[in-house]
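Have a look at the structure below before the remarks.
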Amino acid sequence: MDAPHGTSIIDVSNPSRPKVVASIRLDGNEIHSHKARVIHDGKIMITNCERARRGFFRRGRDAVAIADRLEGELGRTPTADEIGSAGGFDPAVVPDLLAAGKVAFDSGGFRVWDIADKSNPKLLAHVNTGGDGSHRFDVDDDYLFISSGRDGFVGNILQIYDISNPAKPDLVSLWWLPGQNVAAGERPTWKGTRNQLHHALRVGNELWAGCWYAGVRGIDISDIRRPRTIAEYDYHPAFFHPTHTALRPTFKVGGRDIVVVMDEEAEHERGREHAFLWFFDISDGNGMKPISTFHVNEGDTPFARNGGRFGAHQYQEHLDRPLLFATWFSGGLRAVDFSDPYRPGEVGAFIPDPGLRGKNVQTNDVEVDGRGLVYVLD
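Next comes the structure, spelled out in structure tokens:
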């Protein structure tokens, strides 16, 4: 994930003997590239470009803004103690934050690769989306739906690109939460980047989006140039963890139209719930109604108290039957049957060996291919 490591192409035609056939290395240390998707019958690959240490640089920009405000109020240059007190920073790191906040960044966004020859990826395009770059995305042969920063906005928003010509991606439209577009005079009612798009997944003419501490959104893209919000549900602050993944299955479950939502475990506080899986009913056209949840117990893994995060993170991002594979950080991989959406239940689990780390697992992402093979990243 961190430079110089970028993206590896792995031959899994023999799944018992996976083989690396190409590695794309990153130049410099400005970005990391930790997400990849393949389209056009395996001939085109999209990878993200996100600013390395983006949280540190974000705090740096905050420190610069605080310093400027204090200088106007005090009529002099504020001290590190004053900046630290106003921003909640350790005064010892304020000089580094001020320096970081002034560093320009224009390498974020996404890259498009020709991988017809898997052993020799060729760069077709690098698009700078602005802000701190892109985090996660969905894509098909025609459109890219990417969560990314953009100049003039607070936090990540949705940017939709026409990629029917992979060498020349074309920006089609934007979607954001009210309050994010500060360049247009909007003002957020939240602190920092708590409310922002994590990513959106396409199902037909809809996108379903996890919006961090703003909950879930359904987005109509029947007019791809004018995406509009058609559903929303925010369970914060009553529930502690941010909303990560949301997807509407293409099939009815128990006769109902449902949306499956997963939160990402943030810093856990004793006495709070761990991040978990939600099921919402959207059948009646009266908004979203939560109908059930699925949890993993700390006692279901030997690694729950060994450091690191425990709760949920992500589930496979396409569903063709009422069975999903989901990741819990130190709870490993979980197979969940939701054929009865009111009573989802676990039908299998796999907890990786921590290997050289020795103490813990941190199972991150999962995907399932057409052969029924499950790929797990830890």
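Just so you know, we're using the numbering used here here: the sequence shown kicks off at 694 and counts up by one. Cβ coordinates follow ideal geometry from the N, Cα and C atoms, glycine included. Predicted, not measured: the structure shown is a model, and the values here were computed from it.
Within the stretch 741-796, note down every full alpha helix (DSSP H) run reaching 4 residues or more, in order along the chain.
747-767, 773-780, 787-793
In whole angstroms, give me the CA-to-CA distance for Gly845 and Lys712.
Counting from 1 along the sequence shown, the entry for residue 845 is found at position 152. Counting from 1 along the sequence shown, the entry for residue 712 is found at position 19. About 43 Å.
Distance, His892 Cα to Ser840 Cα:
Translated into the one-based positions of the sequence shown, residue 840 becomes position 147. Translated into the one-based positions of the sequence shown, residue 892 becomes position 199. Looking at the two C-alpha atoms, the distance is approximately 5 Å.
When DSSP labels each residue in this structure, what does Leu719 get in the three-state scheme?
Sequence index remark: in the sequence shown, residue 719 carries index 26 (1-based). Leu719: coil per DSSP, three-state reduction.
Could you check which residue in Trp905, Gln1009, Val820, Phe750 has the C-alpha nearest to that of Pro859?
Start at 1 with the first residue of the sequence shown, and residue 859 comes out as number 166. When each option's Cα is compared against that of Pro859, the closest is Val820.
Which stretch, first to last residue, makes up the beta strand (DSSP E) that contains Asn1057?
On the sequence shown, residue 1057 is found 364 positions in, with the first residue counted as 1. Here Asn1057 belongs to no beta strand (DSSP E), and DSSP marks it neither H nor E.
Unbroken beta strand (DSSP E) run spanning Lys815, endpoints
Within the sequence shown, the letter at position 122 stands for residue 815. Here the beta strand (DSSP E) through Lys815 covers 815-821.
Contacting residues, own chain, Cβ-Cβ under 7 Å from Asp1058 (five flanking each side not counted):
Taking the first residue of the sequence shown as position 1, residue 1058 is located at position 365. Closer than 7 Å at the Cβ level, and outside the excluded window around Asp1058, lie Gln1007, Thr1020, Leu1070.
What does DSSP give as the partner residues of Leu867 in its beta bridges?
The residue labelled residue 867 in the question sits at position 174 within the sequence shown. In the DSSP output, where bridge partners are listed per residue, Leu867 has Gln852.
Excluding the 5 residues flanking Leu890 on each side, which residues of the same chain have their C-beta closer than 7 Å to its C-beta?
Reading the sequence shown from its first residue, position 197 is the one you call residue 890. Taken in chain order, the residues that qualify are Ser840, Asn849, Ile850, Leu851, Ala902, Cys904.
Is the distance from the Cβ of Asp807 to the Cβ of Lys795 below 8 Å?
The count along the sequence shown starts at 1 and reaches residue 807 at position 114. The count along the sequence shown starts at 1 and reaches residue 795 at position 102. Contact: no.
What whole-angstrom Cβ distance do Leu940 and Leu864 have, given they're in contact under 8 Å?
For the purposes of this step, residue 940 is identified with residue 247 of the sequence shown, where counting begins at 1. For the purposes of this step, residue 864 is identified with residue 171 of the sequence shown, where counting begins at 1. Going by Cβ atoms, the distance from Leu940 to Leu864 rounds to 24 Å, so no, they are not a contact pair.
Can you tell me whether Pro942 is buried or exposed? The criterion is at least 16 other CB atoms within 10 Å of its CB, across all chains shown.
To locate residue 942, count along the sequence shown from 1; it is residue 249. The residue is buried, with at least 16 neighbouring Cβ atoms inside 10 Å.
Residue span of the beta strand (DSSP E) that contains Thr986, given as start and end
Within the sequence shown, the letter at position 293 stands for residue 986. Run containing Thr986: 982-987, per the beta strand (DSSP E) assignment.
Tell me which residues share the same chain as His934 and place their Cβ nearer than 7 Å to its Cβ, disregarding the 5 neighbours each side in the sequence.
The sequence position of residue 934 within the sequence shown is 241, counting from 1. Answer for His934: Asp956, Glu957, Glu958, Ala959, Ala968, Gly1004, listed in chain order.
Beta-carbon separation of Val895 and Asp833 under 8 Å?
By 1-based counting over the sequence shown, the position of residue 895 is 202. By 1-based counting over the sequence shown, the position of residue 833 is 140. Here residue 895 turns out to be Arg, not Val, going by the sequence shown. Contact flag set, yes.
Between which two residues does the beta strand (DSSP E) holding Leu900 run?
Counting from 1 along the sequence shown, the entry for residue 900 is found at position 207. Element bounds for Leu900: 899-905.
From Arg949 to Ser857, what distance separates their C-alpha atoms?
In the sequence shown, residue 949 corresponds to position 256, counting from 1. In the sequence shown, residue 857 corresponds to position 164, counting from 1. Going from the Cα of Arg949 to the Cα of Ser857 covers about 34 Å.
Measure the beta-carbon distance from Lys728 to Phe830 and round it to whole angstroms, keeping in mind my assumption that it falls under 8 Å.
As a first step, residue 728 is located in the sequence shown; it is residue number 35 there, counting from the start. As a first step, residue 830 is located in the sequence shown; it is residue number 137 there, counting from the start. Yes, Lys728 and Phe830 are in contact; Cβ-Cβ is about 7 Å, under 8 Å.
I'd like to confirm the pairing. Which residues does DSSP put opposite Glu1039 in its beta bridges?
By 1-based counting over the sequence shown, the position of residue 1039 is 346. In DSSP, Glu1039 forms a bridge with Val1029.
What is the rounded straight-line gap between the Cα of Gly721 and the Cα of Gln1055?
Taking the first residue of the sequence shown as 1, we reach residue 721 at position 28. Taking the first residue of the sequence shown as 1, we reach residue 1055 at position 362. Going from the Cα of Gly721 to the Cα of Gln1055 covers about 27 Å.
C-beta atoms of Pro1037 and Phe973 nearer than 8 Å
Here residue 1037 refers to the residue found at position 344 of the sequence shown. Here residue 973 refers to the residue found at position 280 of the sequence shown. No.
Buried or exposed for Phe803, going by 16 or more other Cβ atoms inside 10 Å?
Within the sequence shown, the letter at position 110 stands for residue 803. When all chains shown are included, Phe803 counts as buried.
Can you tell me which of Ala876, Val847, Arg921 puts its alpha carbon nearest to the alpha carbon of Thr886?
Here residue 886 is taken as the residue at index 193 of the sequence shown, counted from 1. Nearest C-alpha to Thr886: Val847.
Burial state of Phe653, where buried means 16 or more other Cβ atoms lie within 10 Å
Since the first residue of the chain shown is 694 and the last is 1071, residue 653 is not available in this structure.
Is it buried or exposed, Gly823, if we count other Cβ atoms within 10 angstroms and call 16 or more buried?
The count along the sequence shown starts at 1 and reaches residue 823 at position 130. With 16 or more other Cβ atoms within 10 Å, it is buried.
Can you list, in chain order, the residues of its chain whose CB lies under 8 Å from that of Gly1041, leaving out five sequence neighbours each side?
Here residue 1041 is taken as the residue at index 348 of the sequence shown, counted from 1. The answer, listed in chain order, is Arg1027, Ala1028.
For Phe1022, the first and last residue of its enclosing beta strand (DSSP E)
As a working note, residue 1022 is residue 329 in the sequence shown. It is not in any beta strand (DSSP E) - Phe1022 carries neither H nor E in the DSSP assignment.
For my contact list, Gly826 and Cys742 are in at a C-beta cut-off of 8 Å; report their separation, rounded to the angstrom.
The sequence position of residue 826 within the sequence shown is 133, counting from 1. The sequence position of residue 742 within the sequence shown is 49, counting from 1. At roughly 5 Å, the Cβ-Cβ gap stays under 8 Å, so Gly826 and Cys742 are in contact.
If I measure Cβ to Cβ from Val989 and keep anything under 7 Å in the same chain, skipping five residues before and after, which residues do I get?
As a working note, residue 989 is residue 296 in the sequence shown. The answer, listed in chain order, is Trp1021, Gly1024, Arg1027.
Enumerate in chain order the residues of its own chain whose CB-to-CB distance from Arg718 is below 6 Å, with the five nearest sequence positions on each side excluded.
Taking the sequence shown and counting its residues from 1, one reaches residue 718 at position 25. If we look at Arg718 and ignore the five residues flanking it on each side, its Cβ neighbours are Pro697, Gly699.
Please report how far the alpha carbon of Arg744 lies from the alpha carbon of Arg843, in whole angstroms.
On the sequence shown, position 51 is the one that residue 744 refers to. On the sequence shown, position 150 is the one that residue 843 refers to. The alpha-carbon atoms of Arg744 and Arg843 are separated by roughly 13 Å.
Who are the near neighbours of Lys945 in its chain, counting only those whose CB is closer than 7 Å to its CB and skipping five residues on each side?
Position 252 of the sequence shown, counting from 1, holds the residue named residue 945. Answer for Lys945: no residue qualifies.
Pick out whichever of Pro930, Glu962, Gly897 has its Cα sitting closest to the Cα of Gly1001.
Within the sequence shown, the letter at position 308 stands for residue 1001. Measuring from the Cα of Gly1001, the nearest candidate turns out to be Glu962.
In the structure shown, what three-state DSSP assignment does Gly964 receive?
For the purposes of this step, residue 964 is taken as the residue at position 271 of the sequence shown. The answer is coil: DSSP assigns Gly964 none of H, G, I, E or B.
For Trp971, the residue or residues it bridges with in DSSP
The residue labelled residue 971 in the question sits at position 278 within the sequence shown. In DSSP, Trp971 forms a bridge with Val954, Thr986.
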